[in-house]
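Sequential numbering of the sequence shown, starting at 1, is according to the UniProt record's numbering. A virtual CB, placed ideally from N, CA and C, is assigned to each residue, including glycine. Computed from a predicted structure; not experimentally measured.
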Amino acid sequence: MTALKQANRPSASGETGAREAEAHDFFALLKPRVMSLVIFTAFVGLIAAPGTMNPVLAATAILLIAIGAGASGALNMWYDADIDAIMDRTAGRPIPAGRMGPETALGFGMVLSVASVVLLGLAVNITSAVLLALTIFFYVVVYTMWLKRRTPQNIVIGGAAGAFPPVIGWAAATDTVSLESLVLFGIIFLWTPAHFWALSLFISKDYARVGVPMLPLVAGEDETRRQILLYALLTAAIAVAPWGMGFAGAVYGAVSILFGLVLVALAVQVWRKVEKADRKLFAFSILYLFTIFAVLAGEKIVSRMLA
């Protein structure tokens, strides 16, 4: 708990870290990089859904989903402030850096959580609101509080939270959860382990210092590389499903196959221990997910414009 005490340490002016918090600190709590992925995949889920949605309601839905994702990030930073203070890549976050007290982050996250869920239910529909509430709960309680510090499968199981946004977007547009939306869920769910385990291979010392049992530390790097290849193969396979099921077109089919082959090829390099292949796979995996979802959304938009 030393980090939490440091987060409230007095400044040179005698004010506490919580009083020093500025707008950019609150924005940092929202994990904007993660939020941007949530906004994007939720938007794709909404666009890929059948039918049309009022543009104002659609924008409202995406905004509230983004706020819910930000709330999850704030609560994650509140709970993980102790280990964030030790890890190099997270030590500059508002709480461990002493710019904000943990109680401020907790309150901020709770208010945003409740507000986003309630407003989504009132403005859009109950189905999407329930899914958003489930996503926040899963990320904060199941992943952050329960799995992250206890099992090397934390990323696999906890990855469900990051896979829900397209399902929420789909539900916002249709008030239902369909097989197609679950396929979009499956793409992100299976993509997550290879993406994060590639990262963990080159920052494993950070995780070792705080005792987070990431797979390279528990099962070893060889097993991690094998698992990365397995999940890359599964991701490439399921990513073709939207085309095979008929809710994505030929352009998506071609792109998903091509990018899937590249993803698997990089995973093979990681498995074969090619120098810096883990960094290349981590970087490409971001481009991979963005590209296939962007093509799916682009196809839907163009087809509706031509209809």
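Proximity of the segment 162-179 to the segment 94-114 falls short of the contact definition, fewer than three beta-carbon pairs being nearer than 8 Å. Judged by pairs of C-beta atoms under 8 Å, the segment 114-122 does not touch the segment 88-100, as fewer than three such pairs exist. Fully enclosed alpha helix (DSSP H) runs of no fewer than 4 residues occupy 126-137, 154-163, 165-174 of the segment 125-183, in order along the chain.
Contact between the segment 129-136 and the segment 180-190 is absent, with fewer than three C-beta pairs closer than 8 Å.
In the structure shown, the three-state DSSP call for Leu30 is coil. For Gly68, the uninterrupted alpha helix (DSSP H) segment begins and ends at 55-79.
Fully enclosed beta strand (DSSP E) runs of no fewer than 3 residues are not present anywhere in the segment 173-248.
9 Å or more divides the Cβ of Ser116 from the Cβ of Leu201. Collapsing the DSSP output to three states places Thr52 in coil. For Ile301, the enclosing alpha helix (DSSP H) covers residues 277-306.
Around the beta carbon of Val44, 16 or more other beta carbons sit within 10 angstroms, so the residue counts as buried. In the structure shown, Gly92 adopts coil according to DSSP, grouped into three states. Ranked by Cα distance from Tyr288, the options Thr235, Gly244, Ala248 are led by Thr235.
The straight-line gap separating the alpha-carbon atoms of Ala250 and Ile286 is approximately 22 Å. Cβ contact annotation for Leu30 (same chain, cutoff 6 Å, sequence separation greater than five): Gly70, Gly73, in chain order. In the three-state DSSP reduction, Ala42 falls in the helix class (H, G or I). Between Ile62 and Ile39, the beta carbon gap of about 6 Å places them in contact (Cβ cut-off 8 Å). Inclusion of Leu263 and Ala194 in the CB contact set at 9 Å is warranted, their separation being smaller than that value. With 16 or more neighbouring CB atoms inside 10 Å of its own CB, Arg99 falls in the buried class. DSSP places Met100 outside both helix and strand once states are collapsed to three, so it counts as coil.
Leaving aside the five residues that flank Gly158 on each side, the residues in its chain whose CB is nearer than 6 Å to its CB run, in chain order, Tyr143, Leu147. Non-local C-beta neighbours of Val270 in its own chain, meaning closer than 8 Å and more than five positions away in sequence, comprise Ala198, Leu201, Arg225, Ile228, Leu229, Ala277, Asp278, Leu281, ordered along the chain. Distances from the CA of Ile67 to each of Met87, Asp82, Pro32, Met53 were compared; the closest alpha carbon is that of Pro32. Going by DSSP, Ile257 is part of the alpha helix (DSSP H) stretching over 250-271. In chain order, Leu120, Ile168, Ala171, Ala172 place their CB closer than 6 Å to the CB of Ser128, counting only its own chain and leaving out the 5 sequence neighbours on each side.
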